[in-house]
Amino acid sequence: MRLADLSSPDVAERAAAGAILAVPIGSTEQHGAHLPLTTDTDIAQALCDRLAAERPDVLVAPTVAYGSSGEHAGFAGTLSIGQEATELVLVELGRSAVETFARLLFVSTHGGNAGPVARAVARLRAESRDVQVFQPRWDGDPHAGAPETGLQLALRPEVVRMDRAVPGDRRPLGELLPVMIEGGVRAVTGTGVLGDPTAATVAEGRALLDKLTAQLVSQVDGWRTR
Numbered sequence: 002m003r004l005a006d007l008s009s010p011d012v013a014e015r016a017a018a019g020a021i022l023a024v025p026i027g028s029t030e031q032h033g034a035h036l037p038l039t040t041d042t043d044i045a046q047a048l049c050d051r052l053a054a055e056r057p058d059v060l061v062a063p064t065v066a067y068g069s070s071g072e073h074a075g076f077a078g079t080l081s082i083g084q085e086a087t088e089l090v091l092v093e094l095g096r097s098a099v100e101t102f103a104r105l106l107f108v109s110t111h112g113g114n115a116g117p118v119a120r121a122v123a124r125l126r127a128e129s130r131d132v133q134v135f136q137p138r139w140d141g142d143p144h145a146g147a148p149e150t151g152l153q154l155a156l157r158p159e160v161v162r163m164d165r166a167v168p169g170d171r172r173p174l175g176e177l178l179p180v181m182i183e184g185g186v187r188a189v190t191g192t193g194v195l196g197d198p199t200a201a202t203v204a205e206g207r208a209l210l211d212k213l214t215a216q217l218v219s220q221v222d223g224w225r226t227r
């Protein structure tokens with residue numbers, strides 16, 4: 002169930018019964034010519050919705066659709082609020098959320114948000130808030146390649162333009178990172194793609210979505226039992 006669909010008294014009742022608030026954290030940034038700017042946000046939202054379907058004690062907050070995407074500067078449509086702003090937003094959001102909810106879960110699906118999310122969670126925990134973070138990981142292409150394309154084919158096939166899908170830089174991420182830290186994604190690929198999305202399939206996307214959902218549910222199950 003989504004938090005925004007409930008009234009304040011309804012939320013108070015659910016929180017008193019021990020509800021967890023799950024906050025999807027995505028981004029608005031380029032994902033090549035074939036995927037929408039909402040890709041990270043769509044995945045975060047889907048994972049939280051699936052978690053709530055598995056666990057009725059989970060409420061899903063409105064998605065944080067902006068983050069630290071400065072590495073994608075130069076690609077039209079990318080909207081970044083930077084690392085400091087992302088961290089501050091999550092800290093203040095967390096402080097506000099725990100006034101109602103005893104437990105808070107961030108589900109962050111954009112790699113560029115990893116640092117700000119980790120710092121925000123550490124700060125909230127230092128303030129004695131019960132906060133967890135789930136950041137999905139998968140083998141293979143790190144950005145706009147086959148895994149993310151497959152996920153979008155499973156979630157929102159109508160927004161995927163496979164006729165525009167082209168390979169980008171397919172070197173390992175560890176080899177690309179030093180160059181990207183200096184010059185951003187544009188320094189390694191003009192397509193905005195890291196990997197090769199052309200072989201992505203709906204079946205592989207659904208399988209990956211199921212795997213990530215199972216990992217998320219397992220993490221929350223363990224958290225609840227503690």
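Residue numbers (my numbering): 2 to 227. From the three backbone atoms N, C-alpha and C, an ideal C-beta is built for every residue, glycine too. Remember, predicted model here, so these are calculated numbers, not experimental data.
Environment of residue i [buried if 16+ CB atoms lie within 10 Å]
i    : result
T202 : exposed
R165 : exposed
S97  : exposed
S129 : exposed
R51  : buried
S109 : buried
A155 : buried
P158 : exposed
G206 : buried
D222 : exposed
T87  : buried
P137 : buried
A147 : buried
Chain-order list of residues whose beta-carbon lies under 6 Å from that of residue i (same chain, five-residue window excluded)
i    : result
E55  : V218
A66  : G27, T29 and T42
V167 : T192
R124 : V92
A204 : none
Segment limits, alpha helix (DSSP H) that includes residue i
i    : result
S70  : It is not in any alpha helix (DSSP H) - S70 carries neither H nor E in the DSSP assignment.
L154 : A147 to L156
R126 : A115 to A127
V180 : L174 to G184
D211 : V203 to T226
A5   : Unbroken run through A5: none, as it is neither H nor E.
I48  : Reading the sequence as shown, one finds Leu at residue 48 and not Ile. Run containing L48: T40 to E55, per the alpha helix (DSSP H) assignment.
N- and C-terminal bounds of the beta strand (DSSP E) containing residue i
i    : result
I26  : I21 to I26
Q133 : D131 to F135
S9   : Segment S9 to A17 is the alpha helix (DSSP H) holding S9; no beta strand (DSSP E) there.
S81  : Note, S81: premise wrong, no beta strand (DSSP E); not H, not E.
V59  : V59 to V61
V108 : R104 to S109
Rounded separation between residue i and residue j - CA only
i    : j    : result
G185 : S70  : 10 Å
L177 : T101 : 43 Å
W139 : L105 : 24 Å
A208 : A215 : 11 Å
G151 : G112 : 18 Å
V95  : P25  : The amino acid occupying residue 95 in the given sequence is Gly; Val does not appear at that position. Distance between the alpha carbons of G95 and P25 is about 13 Å.
H59  : E14  : According to the sequence provided, residue 59 is Val. The question's His does not apply to it. Approximately 13 Å, taken between the alpha carbons.
A169 : A20  : One detail in the question is off: residue 169 reads as Gly in this sequence, not Ala. Distance between the alpha carbons of G169 and A20 is about 43 Å.
I182 : I82  : 17 Å
F107 : D131 : 11 Å
L80  : T39  : 11 Å
D197 : A145 : 8 Å
Q153 : A200 : 13 Å
G33  : C49  : 25 Å
P10  : V61  : 16 Å
V90  : K212 : 29 Å
A45  : V12  : 22 Å
Spatial neighbours of residue i in its chain, beta-carbon cut-off 7 Å, leaving aside the 5 residues before and after
i    : result
A5   : P63
Q84  : S69, G116 and P117
V189 : D170, L177, V180 and M181
V134 : F107, S109, V118 and V122
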